[in-house]
Each structure stands twice: as C-alpha cells, then as structure tokens.
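Its first residue numbered 96, the sequence shown is counted upward by one per residue in our numbering.
Report on the structure given below.
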Amino acid sequence: MQFNIDKTDQKARACTIKTQHSTIQTPVFMPVGTVGAVKSLDALDLETFLKPQIILGNTYHLHLRPHDSVVKEFGGLRGFTKFKKSFLTDSGGFQAFSLSDNVKIKEDGIAFRSHIDGSKLFFTPQKVLDIQYNLGSDIMMILDDLVALPATQKRINESIERTTRWAKESIEYHRENQKNGIGLGQNIFAIIQGGTDKAFREKSAKELCAMDFDGFAIGGLSVGEAPKDMYDTVEWTTQFMPEGKPRYLMGVGTPEDLVENVERGVDMFDCVMPTRNARNGTLFTSFGKVNIKASRYKFDESPIDSECGCMVCQNYSRAYLNHLFRAKEITYYRLATIHNLYYYLDLMKQMREAILENRFSEFKEEFYRKRQS
C-alpha cells in the first residue's frame with residue numbers, strides 16, 4: 096500500500112491510497128457488500144453508475160456461505176463478484192457484537208453459533224486472517240473485542256487488553272506469512288477500542304499504533320452513544336494515530352457524521368445506512384432526508400434531489416419512486432440504492448475538493464445551511 100497526504104485543511108485530510116487493485120482518494124465512503132454484493136446491485140451497476148474504488152465484504156458471512164475456499168477457487172472476491180477494484184474485509188468482531196446471543200468471547204478467540212444453521216465456529220486472530228487470505232481482500236481487519244455502550248470500566252479494560260493481545264498475534268502471524276509468500280499484496284489494519292473513555296482510548300491507540308500495521312481503525316463507536324460523545328472520542332483518539340497511515344472510522348454513519356468526522360481527521364468510512372435506508376423508503380438529499388413513501392410525492396414530478404447527478408435523479412421522478420415503493424416493485428430497491436450511494440460518494444468528493452481548495456469550514460457551513468432551509 097502507498098499512502099500520501101495530498102492536502103490538509105486544519106485537521107481535515109485529502110489523501111491518496113494505492114492498493115494492488117485501485118487508487119483510492121480520500122475522504123472515502125466504502126459501500127457495504129457484506130456477502131459479496133452491495134444489496135440490490137451488481138458489479139456492473141457499481142462500475143457504471145457509482146464507480147467506487149473500494150467496497151466491503153465480511154469475513155464471518157463469507158466464511159459461512161459460500162465459504163472462503165469457494166471464493167478462493169474463483170480467484171478471490173474480484174474473480175467471484177466481478178468487481179475489479181479493491182475490497183476491505185471486516186474480521187467478524189462486529190458480528191460478535193451484533194449476534195451476541197450466539198457468541199462467547201474467550202481469551203484466545205470468539206466462539207460463534209452460525210445464525211444460519213446453528214453450527215459451531217471458532218474465530219482466532221490467525222483464523223480470520225486465513226479466511227481473508229482466501230478472500231484476497233486488499234485490506235484485512237484484525238479480530239477485535241467490540242463492546243456495546245454503555246459498558247463497565249472492567250469490561251472496557253478487558254476489551255482493550257484482549258484487542259491488543261490479538262493484534263500482536265495478528266501482525267506477527269501476517270508478517271511471518273508474508274515471508275513465506277502469503278498475503279504479499281494484502282494490507283492489515285488494527286482496530287482501536289476503549290468506548291468513550293479518554294484514558295482507555297489513549298491506551299488502546301498507543302499500544303496498537305506502536306505495532307507495524309498498514310493502517311488503523313477506530314472501532315466501537317456508533318453502538319449506542321450520543322453523536323457528540325462519538326465526535327469527542329474521535330477527536331481525542333486521532334491525535335494518537337500516526338499521520339502517515341490511513342485512519343478508518345468503522346460503521347459510521349449519517350451524512351452529518353461523515354462531515355463532522357472528516358473535520359476531525361478521519362479518512363475512511365463505511366456504513367449500511369445508505370443502502371438499508373434506501374430499502375426502507377428514506378432517501379438522502381442535499382437538503383436532508385426524503386421519506387419517499389409519503390403520499391405527498393404521488394404527483395411530484397421533481398427528481399429526488401435537484402442537485403444530484405445520479406442516473407436516478409437525471410431520469411426519474413419522485414412520483415415514480417413513490418409508486419415503485421408502494422407497489423413493492425423490486426426495481427425500487429435498485430434505483431433507491433443507486434441514488435443513496437451516489438449521494439454519499441459525491442458528498443465525499445465535495446469534501447475532498449473543499450480540503451484541496453482550503454475551504455472546508457465554508458463547505459461545512461453550507462452543508463448545514465441547506466439542511467436548515
């Protein structure tokens with residue numbers, strides 16, 4: 096991986112990340128393709144209408160089906176899905192949080208029961224990397240111990256101690272494998288934990304950033320805390336992260352979250368919000384959210400967003416999207432998802448341009464002004 100800081104505007108950064116398969120300009124939002132597809136879209140939709148340079152896959156879900164060995168037979172995720180750019184794969188730590196009824200955290204790994212058939216799985220730091228070697232992702236996330244908030248001091252301390260220990264095992268295993276020709280084109284990111292406690296975040300960041308990872312993520316946020324607590328935690332944590340490596344805030348979030356955290360020095364984001372909200376009838380626009388299922392849009396000839404350049408806004412009316420949603424027509428999911436992801440990706444481009452032109456504060460002011468209008 097090559098990483099370059101192109102420009103800064105106070106703490107906001109415009110950077111370039113070069114992996115083996117694409118050039119990624121930051122700030123970047125990564126569409127979520129949990130099981131090897133962004134829901135309701137295929138690789139041609141991505142390439143034609145959205146043009147992301149990187150998307151996500153999930154280690155836990157792809158291990159269950161079709162199994163990482165199957166993906167490997169097709170040449171990894173790029174060969175299997177036909178999306179030819181970069182992939183980042185999460186490690187399964189979030190699934191230990193989201194599927195907690197079927198999970199037990201142990202000192203040497205995480206014991207799962209499959210949410211599909213109840214079969215037993217055990218993820219160790221080494222196991223999740225072996226799966227990701229098969230998937231062939233450009234960026235591999237290590238196994239971490241994610242805690243729901245609020246949590247006790249004791250539980251948060253256990254989390255960061257376990258995460259640090261697993262991180263050490265992960266980096267040693269990966270560097271040894273690279274010496275043997277395994278994972279040579281793959282990069283490895285650690286995940287900083289610590290809840291919203293400043294002392295714990297500092298401890299976790301300093302311990303992990305002392306290791307030879309290719310990039311660092313802030314995990315364990317957007318899991319129940321207030322937005323201000325999230326923003327304060329990010330602002331506190333980034334000061335302990337190296338300037339010369341990518342900074343990734345996992346699982347965040349709303350357009351407002353993206354703007355606020357770019358301002359605080361974050362480079363990379365992902366979230367299911369634009370795709371999930373699209374399917375549920377909520378569309379994002381320059382002027383806030385549109386609930387397309389509302390009856391007032393039945394005769395609305397205007398596009399979803401008059402300032403949007405996506406193929407949906409260039410061709411279809413709010414009335415048509417309203418009709419498709421109410422008719423439960425599957426075409427709605429595709430069109431709504433294309434629009435929402437285009438909005439997110441374009442928002443990141445606008446922020447990058449503002450940073451390069453040293454006018455990020457003006458961009459942020461205009462971003463909020465439009466919403467208030």
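Beta carbons are placed, not taken as given, at the ideal position from N, Cα and C, and that holds for glycine.
Just so it is clear, the structure is predicted and the values come from calculations on it, not from any experiment.
Do you know how far the Cα of residue j is from the Cα of residue i?
i: Cys-405; j: Ser-412; result: 12 angstroms
i: Leu-451; j: Trp-331; result: 24 angstroms
i: Pro-350; j: Leu-442; result: 8 angstroms
i: Val-133; j: Arg-454; result: 33 angstroms
i: Val-130; j: Val-407; result: 25 angstroms
i: Ile-112; j: Phe-284; result: 14 angstroms
i: Lys-459; j: Asp-239; result: 33 angstroms
i: Glu-320; j: Ala-246; result: 11 angstroms
i: Leu-194; j: Leu-378; result: 28 angstroms
i: Arg-260; j: Asn-417; result: 51 angstroms
i: Leu-183; j: Asn-282; result: 9 angstroms
i: Asp-362; j: Ile-287; result: 15 angstroms
i: Asn-386; j: Ala-206; result: 40 angstroms
i: Gln-445; j: Ile-150; result: 19 angstroms
i: Gly-314; j: Gly-346; result: 8 angstroms
i: Asp-324; j: Asn-275; result: 44 angstroms
i: Leu-139; j: Met-368; result: 22 angstroms
i: Ser-493; j: Ile-433; result: This structure cannot speak to residue 493, because the chain is shown only from 96 to 468.
i: Ile-211; j: Thr-370; result: 22 angstroms
i: Phe-300; j: Met-306; result: One point to set straight first is that residue 300 is Ala, not Phe, in the sequence displayed. Roughly 10 angstroms separates the two Cα atoms.
i: Tyr-392; j: Met-235; result: 43 angstroms
i: Lys-222; j: Pro-126; result: 25 angstroms
i: Ile-266; j: Lys-298; result: 18 angstroms
i: Thr-333; j: Gly-360; result: 7 angstroms
Across which residues does DSSP place residue i in a beta bridge pair?
i: Tyr-415; result: Paired residues: none, contrary to the question.
i: Gln-97; result: Lys-113
i: Val-347; result: Asp-365
i: Lys-384; result: Phe-379
i: Asp-104; result: Ala-107
i: Gly-310; result: Phe-284
i: Gln-227; result: Bridge partners of Gln-227: none, in fact.
i: Leu-151; result: Val-127, Leu-183
i: Phe-189; result: BP columns for Phe-189 are empty, so no partner.
i: Arg-342; result: Phe-311
Give every residue of the same chain whose Cβ lies closer than 6 angstroms to the Cβ of residue i, excluding the five residues on either side of it in the sequence, and list them in chain order.
i: His-158; result: Ile-226
i: Asn-356; result: Val-329, Leu-344
i: Arg-173; result: Lys-179
i: Asp-400; result: Thr-380, Ser-381, Cys-408
i: Asn-153; result: Thr-129, Asp-185
i: Ala-312; result: Phe-284, Ile-286, Tyr-343, Met-345
i: Asp-309; result: Met-96, Asn-282, Ile-283
i: Asp-395; result: Arg-413, Ala-414
i: Glu-358; result: Ala-107
i: Lys-94; result: The question about residue 94 has no answer here: the residues shown for the chain are numbered 96 through 468.
Residue range of the beta strand (DSSP E) that residue i falls in?
i: Arg-208; result: 204-208
i: Ile-185; result: Reading off the sequence, residue 185 comes out as Asp, not Ile. From DSSP, the beta strand (DSSP E) with Asp-185 extends over 181-185.
i: Lys-215; result: 215-218
i: Thr-476; result: Given a span of 96 to 468 for the chain in the structure shown, any question on residue 476 remains unanswerable.
In the DSSP assignment, find the alpha helix (DSSP H) that holds residue i and state where it starts and stops.
i: Lys-199; result: Element bounds for Lys-199: not the alpha helix (DSSP H) but the beta strand (DSSP E), 198-201.
i: Gly-171; result: 171-176
i: Met-235; result: Where Met-235 is concerned, there is no enclosing alpha helix (DSSP H), although the beta strand (DSSP E) it sits in stretches over 234-236.
i: Gln-273; result: 248-274
i: Thr-328; result: 322-333
i: Leu-303; result: 293-304
i: Met-406; result: 406-410
i: Val-166; result: 163-168
Once you ignore the five residues that flank residue i on each side, which residues in its own chain have a CB closer than 7 angstroms to its CB?
i: Asp-327; result: none
i: Gly-171; result: Leu-230, Gly-231
i: Ser-164; result: Asn-229
i: Ser-317; result: Met-325, Gly-346, Val-347, Gly-348
i: Phe-420; result: Gly-376, Ile-387, Lys-388, Tyr-427
i: Gln-115; result: Asp-233, Gly-280
i: Gly-278; result: Tyr-228, His-269, Asn-272
Shorter than 7 angstroms, the distance from the beta carbon of residue i to the closest heavy atom of the ligand FMN, or not?
i: Lys-102; result: Questions concerning the ligand FMN fall outside what the structure shown contains, since it holds no ligand whatsoever.
Excluding the five sequence neighbours on either side, which residues of its own chain have a C-beta within less than 8 angstroms of the C-beta of residue i, listed in chain order?
i: Asp-292; result: Gln-248, Ile-251
i: Arg-208; result: Asn-197, Val-198, Ser-214, Lys-215, Leu-216
i: Ser-468; result: Phe-382
i: Thr-103; result: Ala-109, Ile-450
So within the region 433-467, which uninterrupted beta strand (DSSP E) runs reach at least 3 residues, ignoring any that extend past its ends? The qualifying runs do not exist here; there are none.
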